[in-house]
Amino acid sequence: MSSSFLLYFELQKLQADVAHAYHVLLDHGVAAKNIIVMMYDDIATNEENPYKGKLFNSPNGPDVYAGLKIDYKGDSVMPENFQAVLRGDRDAVKGGNGRVIQRFPFLQLTVKQLHDTLKDMHKNHKYSQLVFYLGACEGGSMFRGILEDDIDVYAVTSADYDELGFATYCDNDLDLPCLGAEFSVNWMEDSDRVWLSFIFLKIRCISRKSKLMMCKCKTSVLQQDITLETLGEQFELVKGLTVLSHVRRYGNMSIGDEPVGWFQGFRNDMLRTDKSSNKLSESRRQIEEVFTNLVHKLVFGQNMRRQVLEEKSNVIILDCHDDVVRAFDSICIDVNKYDYALKYMYVLNNLCTKFNDSAKIIEAMRTICSETRAHSI
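Residue 1 is where the sequence shown starts when you use the UniProt record's numbering, and the numbers rise one by one after that.
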């Protein structure tokens with residue numbers, strides 16, 4: 001077997017994973033202009049590829065290369081550009097098309113580089129919350145014991161810190177090498193599904209680097225579509241389907257309670273225009289601002305404010321909680337209309353726990369919501 005074919009064998013699944021991920025986001029309503037793709041792009045046209053100009057991520061799946069828009073390819077796929085894209089540092093980008101917001105062919109991205117970049121993004125408010133899927137051998141080593149839970153990052157890795165990752169769909173009728181990485185295929189196929197739960201039989205042939213071929217039969221219950229399925233539920237599903245490595249997660253575990261669709265898009269948002277998308281982002285920013293301003297008005301001290309804004313606890317003072325929740329809905333934000341506000345209602349509970357004074361909290365609401373005009377979001 002030639003060295004060029006071995007490289008093709010290895011890279012086919014990785015580039016097919018990237019192309020598939022692009023379509024997962026696009027198909028769930030994320031605008032193409034909001035997706036940045038970094039892929040070496042030497043497989044679809046590779047002489048070893050019997051399907052010129054095409055990539056497949058599953059035996060009976062579509063050509064995932066069709067329609068793919070790549071922003072950084074070839075030598076522009078480097079750790080420095082990856083960091084610059086995440087930071088939004090257009091001036092630091094070399095090559096590619098300059099667009100900014102784990103695998104690099106010849107260079108390495110270190111734990112420190114990734115960690116420093118994520119902290120810099122958080123410090124400079126580049127995101128509200130960030131979900132990071134990492135498909136790589138020993139992927140857990142990038143986050144294990146390192147990723148803090150207070151920078152609003154939720155990271156899922158294909159393997160533990162000391163494990164290899166494995167391929168899937170190695171036994172296929174296309175006469176192609178393994179079509180994808182097991183972990184990546186599992187989470188993307190779950191995200192692809194938009195209908196009700198059903199039971200199916202999955203047969204996977206997985207290739208080790210030692211060339212040992214292993215097959216597994218697994219009956220699984222799929223979850224709801226991603227408008228209902230949480231990141232935590234998807235994690236448990238993918239962990240069960242990924243049989244030769246241990247899928248791990250790190251960071252802020254509370255993000256796991258949120259729907260997958262908040263991060264990958266909702267199908268019922270597919271026809272949403274760019275204008276309405278911007279309006280949605282702005283309304284969410286205003287909602288977050290209301291809670292932040294309310295806490296800053298009532299609570300003093302950075303550490304105490306952070307505690308009220310971040311910690312979640314059981315409702316204990318029922319009367320206060322009932323009063324302030326009703327008042328918030330009436331004075332500030334109609335939570336039936338803007339259900340994103342429900343994500344932060346625990347903040348009101350924290351204020352009740354701290355003050356046990358609904359009148360004081362409601363008075364502050366009137367001031368804050370009058371100043372920010374939150375009721376007109």
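Yeah, the Cβ is synthetic: ideal placement off N, Cα and C, and Gly gets one too.
Assigned secondary structure, residue i (DSSP; H/G/I helix, E/B strand, else coil)
i           : result
Thr110      : coil
Asp192      : helix
Phe156      : The sequence given here places Val at residue 156; Phe does not occur at that position. Of the three classes helix, strand and coil, the one that applies to Val156 here is strand, per DSSP.
Pro259      : strand
Tyr40       : coil
Thr292      : helix
Tyr72       : strand
Asp322      : helix
Ala16       : helix
Ala327      : helix
Thr168      : strand
residue 433 : Nothing can be reported for residue 433, as the shown portion of the chain is limited to 1 through 377.
Phe56       : strand
Met213      : Low local confidence applies: a pLDDT of 38 at Met213 is under 50, so the model's placement there is unreliable, and no value is given.
Asp63       : strand
Cys137      : coil
Met345      : coil
His115      : helix
Ser281      : helix
The beta strand (DSSP E) enclosing residue i, as first and last residue numbers
i      : result
Tyr133 : Leu130 to Leu134
Arg87  : Looking at the DSSP string, Arg87 is not in any beta strand (DSSP E); the run it does join, the alpha helix (DSSP H), is Pro79 to Arg87.
Arg249 : Arg248 to Gly251
Distance CB(residue i)-CB(residue j) smaller than 9 Å
i      : j      : result
His28  : Ile226 : yes
Leu176 : Tyr51  : yes
Phe56  : Leu174 : yes
Ile331 : Arg366 : yes
Val260 : Glu182 : no
Val308 : Lys354 : yes
Ser184 : Tyr161 : no
Leu130 : Val153 : yes
Status (buried if at least 16 other CB within 10 Å, exposed otherwise) for residue i
i           : result
residue 430 : Because the chain spans 1 through 377 in this model, residue 430 falls outside it and cannot be assessed.
Ala21       : buried
Ser128      : exposed
Ser191      : buried
Gln302      : exposed
Phe132      : buried
Glu189      : buried
Run of the alpha helix (DSSP H) containing residue i, from where it starts to where it stops
i      : result
Cys178 : Element bounds for Cys178: n/a, residue is neither H nor E.
Tyr161 : Per DSSP, Tyr161 belongs to no alpha helix (DSSP H) and is neither H nor E.
Glu236 : Leu231 to Leu241
Thr227 : Run containing Thr227: none; DSSP gives neither H nor E here.
Glu310 : Gln302 to Glu310
Minimum Cβ-Cβ distance from residue i to chain C less than 9 Å
i      : result
Asp173 : In the displayed structure, chain C is absent; only one protein chain is listed.
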